[in-house]
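A short write-up of the structure that comes next.
Residue numbers (this note's numbering): 123 to 235.
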């Protein structure tokens, strides 16, 4: 099957690349289910969420409840929030009982209480 014709004035190198299927699937799952156990199983590529001890993710506590991170990942020891929007440490909830390392650079943190 031949690729569709490009609009006039564009080259093959100027086209936006397509998202990989797994990226689209994660984004779709997240919008539908939020931070559900199924989302974390897919995102972490681990069926048994008790085995997850390290997570690197981008979250926004203004538009979503981020407390389920600790609810579903009970053995999480390291959490790295990249390009996140976390206004208060309290947004993380009280379920991250095993957390030892928390990375939060440039997260817009306004309150640590």
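Ideal Cβ placement from N, Cα and C applies to all residues, glycine included.
Within the same chain, show all residues whose beta-carbon is closer than 7 Å to that of residue 195, passing over the 5 residues directly before and after it, in chain order.
162, 171, 174 and 177
Would you report the Cα separation of residue 185 and residue 156, rounded to the nearest angstrom?
11 Å
Tell me residue 176's beta-bridge partners as DSSP assigns them.
200
For residue 233, I'd like the list of residues in its chain whose CB is within less than 6 Å of its CB, leaving aside the five on either flank, ordered along the chain.
Closer than 6 Å at the Cβ level, and outside the excluded window around residue 233, lie 210.
Measure the C-alpha to C-alpha separation of residue 213 and residue 222 and round it to an integer number of angstroms.
17 Å
Does residue 220 pass the burial test, meaning 16 or more other C-beta atoms within 10 Å, or should it be called exposed?
The residue is exposed, with fewer than 16 neighbouring Cβ atoms inside 10 Å.
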